[in-house]
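Undergrad:
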Amino acid sequence: MTSIAENITQFRKTLPDNVLLIAVSKTKPESDILEAYNAGQRVFGENKVQELVTKAQNLPGEIKWHFIGHLQTNKVKQVLPYTSLIHAVDSLRLMKEIDKEAGKIKKQARCLLQFHIASEESKFGFSLEEAEEIFQNNPLQEFLNIEFCGVMGMATFTDNLSLVRKEFKTLFDIYQSLKKKYFVDSTSFSEISMGMSDDYKIAIEEGATMIRIGSSLFGERNYH
Ligand SMILES: *Cc1c(COP(=O)(O)O)cnc(C)c1O
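Numbering (this note's numbering), first residue to last: 14 to 237.
1) Would you mind reading off the limits of the beta strand (DSSP E) that contains phenylalanine 57?
2) Just list the alpha helix (DSSP H) runs in the segment 57-118, keeping only unbroken ones of 4 residues or longer that don't cross its boundaries, in chain order.
3) In the DSSP output, which residue or residues are listed as bridge partners for glutamate 204?
4) Closest to proline 29 by CA distance: which of Ser228, Arg234 and Ala216 is it?
5) Taking 8 Å as the cut-off, does the segment 92-106 touch the segment 185-192 (at least 3 CB pairs, one atom from each stretch)?
6) Check whether the segment 193-205 and the segment 152-169 are in contact - that is, three or more C-beta pairs closer than 8 Å.
7) Measure the alpha-carbon distance for serine 228 versus glutamate 134 and round it to whole angstroms.
8) Any heavy atom of ligand 1 inside 7 Å of the beta-carbon of glycine 82?
9) Please classify valine 197 as buried or exposed, where buried requires at least 16 other C-beta atoms within 10 Å of its C-beta.
10) Run the CB neighbour count on isoleucine 226, radius 10 Å, all protein chains shown included, and call it buried at 16 or more, exposed below.
11) What would DSSP say about isoleucine 217, mapped onto helix, strand or coil?
12) Around the Cβ of aspartate 172, are there at least 16 other Cβ atoms within 10 angstroms (buried) or fewer (exposed)?
13) Measuring from the CB of serine 228, is there a heavy atom of ligand 1 at a distance below 7 Å?
14) Is valine 37 helix, strand or coil by DSSP?
15) Compare the C-alpha of tryptophan 78 against each of Lys90, Glu64 and Thr86 and name the closest.
16) Does ligand 1 have even one heavy atom less than 7 Å from the beta-carbon of asparagine 87?
17) For the pair the segment 84-93 and the segment 43-55, tell me if three or more CB-CB distances fall below 8 Å.
18) Just to confirm the assignment, what range does the beta strand (DSSP E) spanning leucine 125 have?
19) Could you tell me which residues DSSP pairs with arginine 225 in its beta bridges?
20) Between the Cα of isoleucine 17 and the Cα atoms of Val32, Pro152 and Glu43, which residue gives the shortest distance?
21) Between aspartate 211 and ligand 1, is the CB less than 7 Å from at least one heavy atom?
22) In chain order, what residues of the same chain lie with their CB nearer than 8 Å to the CB of alanine 101, ignoring the 5 residues before and after it?
23) Taking Cβ positions, are leucine 141 and tyrosine 195 nearer each other than 8 Å?
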């Protein structure tokens, strides 16, 4: 097996310049994160609030922590101070809570809107219609403390790569529609977070600007 440092170096060599590698370190020990850090990696993704906060408190301050999991409204306050990007904003209620808590700590909360693009039932995320309805009824100015940075999605967990590609294309189209309708003047709304260890190459071909890679960097996880 290759080392974490070698995996990081290998990824850096092959990724286009405009694609940000997010090292998904959930469930992995701080020693693994430090190994990646020493190989030059600065952006890490976590999907549990307490785990992110503990790691952020213990590890170097230069690390940028991305929260990539489903965020419950009652945990916004806890995670916000440590998070540089929230990937999976999937309800109006959550948007309002993030805006409120960010205001209290005088922070611009950088957020991506999560879209449901997979054919699986269980995944979270808006449809394009739901997101449009939100921005029709709640103009952007209502979210003074949120910086909307783009969209995020997860493809179906399947070997059917043409389905995966189709779902990534859907997310790209959603991004374009929102950009045109609500974010024409925004320089921030520019990110498409899609692609994991098994499908990131397709994601990049379909326009990803951020990929979230866990097992290909750190090895298999014991639990999800
Ligand atoms: C765990 C996770 C990843 C990384 O998955 P790998 O298959 O290990 O690369 C990416 N995105 C999200 C939202 C995750 O929860």
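All C-beta atoms, glycine included, are put in the ideal place defined by N, C-alpha and C. Since the model is a prediction, treat every value here as computed from it, not as a measurement.
TA: Once the coordinates are examined:
1) 56-59
2) 62-71, 89-92 and 105-117
3) Gly163
4) Ala216
5) no
6) yes
7) When rounded, the distance between both Cα atoms is 24 Å.
8) Yes.
9) A residue is called buried when at least 16 other Cβ atoms come within 10 angstroms of its Cβ; valine 197 does not meet this threshold and is exposed.
10) In summary, isoleucine 226 is buried, with 16 or more beta-carbon neighbours lying within 10 Å of its beta-carbon over all protein chains present.
11) helix
12) exposed
13) Distance from the C-beta of serine 228 to the nearest heavy atom of ligand 1 is below 7 Å.
14) strand
15) Glu64
16) no
17) The segment 43-55 and the segment 84-93 do not touch, with fewer than three beta-carbon pairs separated by less than 8 Å.
18) 122-128
19) Bridge partners of arginine 225 according to DSSP: Ile35.
20) Checked all of Val32, Pro152 and Glu43; the closest Cα to isoleucine 17 is Glu43.
21) yes
22) Phe80, Ile81, Gly82, His83, Leu84, Leu125, Gln127, Phe137, Gly138 and Met165
23) For leucine 141 and tyrosine 195, no; Cβs fall outside 8 Å.
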